[in-house]
Amino acid sequence: MIHAEGLSFTYATQSEPALSGIGLRVSAGEAVGIIGCDGSGKSTLLQVLAGLAPRLVKGSRQGSLCIAGLDPAKAETAARMRTVGLVFSDPASQLTGVCPTVEEEIAWSLGNIGESRQAMHRKAEDLIGRLHLEHIRFRTPHTLSSGQQQLVAIASVLILKPKVLLFDEPATRLDAASRRAVADLAKQLAREGHTVLWSSSSLEDVDGFSRWIYLERGQILYDGAPRHVGGQAWPAPWTRLAQAAKEAGKWPGPMPLREADAAEELRKMSAAARQLSP
Ligand SMILES: Nc1ncnc2c1ncn2[C@@H]1O[C@H](COP(=O)(O)OP(=O)(O)O)[C@@H](O)[C@H]1O
Ligand SMILES: [Mg+2]
Numbered sequence: 003m004i005h006a007e008g009l010s011f012t013y014a015t016q017s018e019p020a021l022s023g024i025g026l027r028v029s030a031g032e033a034v035g036i037i038g039c040d041g042s043g044k045s046t047l048l049q050v051l052a053g054l055a056p057r058l059v060k061g062s063r064q065g066s067l068c069i070a071g072l073d074p075a076k077a078e079t080a081a082r083m084r085t086v087g088l089v090f091s092d093p094a095s096q097l098t099g100v101c102p103t104v105e106e107e108i109a110w111s112l113g114n115i116g117e118s119r120q121a122m123h124r125k126a127e128d129l130i131g132r133l134h135l136e137h138i139r140f141r142t143p144h145t146l147s148s149g150q151q152q153l154v155a156i157a158s159v160l161i162l163k164p165k166v167l168l169f170d171e172p173a174t175r176l177d178a179a180s181r182r183a184v185a186d187l188a189k190q191l192a193r194e195g196h197t198v199l200w201s202s203s204s205l206e207d208v209d210g211f212s213r214w215i216y217l218e219r220g221q222i223l224y225d226g227a228p229r230h231v232g233g234q235a236w237p238a239p240w241t242r243l244a245q246a247a248k249e250a251g252k253w254p255g256p257m258p259l260r261e262a263d264a265a266e267e268l269r270k271m272s273a274a275a276r277q278l279s280p
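Note that the numbering used here has the sequence shown beginning at 3, numbered continuously upward.
What follows is the structure, given as structure tokens:
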């Protein structure tokens, strides 16, 4: 479904590539977690896969990319929209800003590719049910909380049923229950034959995905079963420690992928504790 070789991307404003030498094969029905720290290249990779870079986000792309037989940087809009859909981490940048209701917002992209009003209504209704949005169906999108907007943005991409679904840290604004609902839906879509890539800087979100890809400085350092991350047996001792602390309600930050991240979080926690003590 996805086949990339030697894929690199350099932003027009930068001299160093944000992605380099990415080789990737993902089949239909796979659910892949793209993990890595801030700045590791997760968003860039998803934007390149979606064809957004270099079409809208300026820069130069090298190497080859083929998604379901087409190159998303070159394909015409309707074919691309049916092939690959990207959910941004910031829902405000995904919403059209012109639709008066959630239902219309969700159905909007179907109108763009010429579907009938009737089909738009039926498909929007189905997603409203799946994502439990009945109570906000007739609300104006820009008046919603950012978590609700995120769910609407997700629905507006899912409605096109693209073969490849890319989620760029889609859960950052969601509460635990919605996070689980969206992750479960993503896994369900993979079982139905979609290809799902889901980026996250925290390992909890991609728990239960069949494959993990670990990015560091724009390169893939690990690609395989969710047992090893960056050459380190998973869960690493410091991640296990953080998990135990989190279960006890005593780990405020994200799950640390690297020893250095765990050390940094512990430093912050001890500084905060010092401030509290008399
Ligand atoms: N629009 C942009 N213009 C220039 N540089 C960018 C842009 N977006 C990201 N970068 C740079 O590309 C690198 C990878 O960033 P990004 O893909 O956003 O990582 P992540 O999503 O993992 O946090 C970083 O060094 C970042 O500063
Ligand atoms: Mg990002």
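Ideal Cβ positions, reconstructed from N, Cα and C, are used throughout, including at glycine. Keep in mind that this is a model prediction, so the values were computed, not measured.
Taking C-beta to C-beta, are G220 and S22 nearer than 8 Å? Sequence index remark: in the sequence shown, residue 220 carries index 218 (1-based). Sequence index remark: in the sequence shown, residue 22 carries index 20 (1-based). Yes, these two residues count as a Cβ contact at 8 Å.
Hey, V86 and P164 are a contact pair by Cβ (cut 8 Å); roughly how many whole angstroms apart? Position 84 of the sequence shown, counting from 1, holds the residue named residue 86. Position 162 of the sequence shown, counting from 1, holds the residue named residue 164. Right, the Cβ-Cβ distance comes to about 5 Å (below 8 Å), so this counts as a contact.
Minimum C-alpha distance to A52 - residue among L97, E136 and W200: In the sequence shown, the residue the question calls residue 52 occupies position 50. Considering only alpha carbons, the answer is W200.
Quick one: grab the DSSP three-state call for A6. Stepping through the sequence shown from its first residue, residue 6 is reached at position 4. Three-state DSSP puts A6 in a strand.
Give a single yes or no on whether S204 has its beta carbon closer than 7 Å to a heavy atom of ligand 2. Translated into the one-based positions of the sequence shown, residue 204 becomes position 202. Checking the Cβ of S204 against ligand 2 gives no.
Suppose the cutoff is 8 Å on Cβ atoms and the five residues either side in sequence are ignored; what does the same chain contact list for A188 look like? Position 186 of the sequence shown, counted from the first residue, corresponds to residue 188. A33, L167, F169, V198 and W200, listed in sequence order.
Range covered by the beta strand (DSSP E) that runs through A238: Here residue 238 refers to the residue found at position 236 when the sequence shown is read from its first residue. Unbroken run through A238: none, as it is neither H nor E.
Quick one: grab the DSSP three-state call for R175. Position 173 of the sequence shown, counting from 1, holds the residue named residue 175. Coil at R175, not helix or strand.
So, is G116 buried or exposed, given that buried needs 16 or more other C-beta atoms within 10 angstroms? For this step, residue 116 is matched to residue 114 along the sequence shown. Classification for G116: exposed.
Short of 6 Å in beta carbon distance, which residues of its chain neighbour S247, apart from the five on each side in sequence? Order them along the chain. Counting from one through the sequence shown, the residue named residue 247 turns up at place 245. According to the sequence as given, residue 247 is Ala; it is not Ser. Correct list, in chain order: W253.
State the beta-bridge partners of G35 as determined by DSSP. Residue 35 sits at position 33 when you count from the first residue of the sequence shown. Paired residue(s): W200 and W214.
3-residue-minimum beta strand (DSSP E) runs that sit fully inside the region 65-113, ordered along the chain: 86-89
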